[in-house]
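In my numbering, the protein residues as written are 3 to 187.
Each residue gets a CB set at the ideal place from its N, CA and C atoms; glycine is no exception.
Reading through the structure tokens given below for one structure.
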Amino acid sequence: MPSPALPSAAISEALAKLADGIAARHPANPADRLILLGVANGGVHVATRLQLLLRDRYPEAARPRTGIIDISFHRDDIGRNPIPKEFTPTLIPIDVTGATVILVDDVLQSGRTIKAALDELFDHGRPAKVELAVLVDRGGRTLPVAADYTGLTLQAGPEEKVSVVLHSTDSRHDAITVARPSPKS
Numbered sequence: 003m004p005s006p007a008l009p010s011a012a013i014s015e016a017l018a019k020l021a022d023g024i025a026a027r028h029p030a031n032p033a034d035r036l037i038l039l040g041v042a043n044g045g046v047h048v049a050t051r052l053q054l055l056l057r058d059r060y061p062e063a064a065r066p067r068t069g070i071i072d073i074s075f076h077r078d079d080i081g082r083n084p085i086p087k088e089f090t091p092t093l094i095p096i097d098v099t100g101a102t103v104i105l106v107d108d109v110l111q112s113g114r115t116i117k118a119a120l121d122e123l124f125d126h127g128r129p130a131k132v133e134l135a136v137l138v139d140r141g142g143r144t145l146p147v148a149a150d151y152t153g154l155t156l157q158a159g160p161e162e163k164v165s166v167v168l169h170s171t172d173s174r175h176d177a178i179t180v181a182r183p184s185p186k187s
């Protein structure tokens, strides 16, 4: 049974916190190459929402570019979880070599997804810097990975699943829930 969802206002505040943090660390400079890459699939929605929020914080010439990074072929559990028939391919809008790349994901837990995203990213070039922005840090790291920008921190047990739903047109329908495992009979 899932726990009650966080209020959509809290999710909007967390997204604004991420955008404010990025804008503060990366002042508007058209010469800088700043790229937001949403980790498919949940991170893509977060990156899209951040891109909209950052429009108000950067002049048009200095706005970060946004793309998608697919980790399917770099997952360390590919034998147990095969690549789905429908996946989102990597789409990087400009050359990453020498750029500052911010990987964006919805939930950070073990760090394995981010390790896979880094492997995929470095297949495309060598960024000057890589940072991590996550909407929810739920704890439970098994790799030494920490986010540079965190919207919300939740405590969730190792068997619990944190789910993020960002509505495409109406943020009032955004939801984050923590589902507890059902008891085994």
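- The beta carbon of Gln53 is closer than 6 angstroms to those of Thr68 in its chain, skipping five residues each way along the sequence.
- Leaving aside the five residues that flank Asp176 on each side, the residues in its chain whose CB is nearer than 6 angstroms to its CB run, in chain order, Ser10, Ile13, Leu168 and His169.
- With the rule of 3 Cβ pairs closer than 8 angstroms, the stretch 106-118 counts as touching the stretch 131-141.
- Along the stretch 80-151, the beta strand (DSSP E) occurs as fully enclosed runs of 3 or more residues at 102-110 and 131-139, listed in sequence order.
- Between the stretch 115-127 and the stretch 151-159, the count of C-beta pairs closer than 8 angstroms stays below three; the two stretches do not touch.
- Judged by DSSP in its simplified three-state form, Gly40 adopts strand.
- Going by C-alpha positions, Ala21 is about 6 angstroms away from Leu56.
- For the set Lys163, Pro29, Thr92 and Arg174, the Cα lying nearest the Cα of Ala181 is the one of Lys163.
- Counted as a single uninterrupted DSSP element, the stretch harbouring Ile71 is not any alpha helix (DSSP H) but the beta strand (DSSP E) occupying residues Arg67 to Ile71.
- Cβ-Cβ distances below 7 angstroms link Ala7 to Ala177, Ile178 and Thr179 in the same chain, with the five nearest sequence neighbours on each side left out; the list follows chain order.
- In this model, Lys131 and His28 are separated by some 12 angstroms (Cα to Cα).
- The distance from the Cβ of Val106 to that of Val41 is about 7 angstroms, consistent with a contact at the 8 angstroms cut-off.
- Here Ser170 is not bridged, per DSSP, to any residue.
- Cβ neighbours of Ala30 within its own chain (closer than 8 angstroms, five residues either side excluded): Arg59, Tyr60, Pro61 and Ala64.
- DSSP places Ala177 in no alpha helix (DSSP H) but in the uninterrupted beta strand (DSSP E) bounded by Ala177 to Ala181.
- Gly159 counts as exposed, since fewer than 16 other C-beta atoms from the protein chains shown sit within 10 angstroms of its C-beta.
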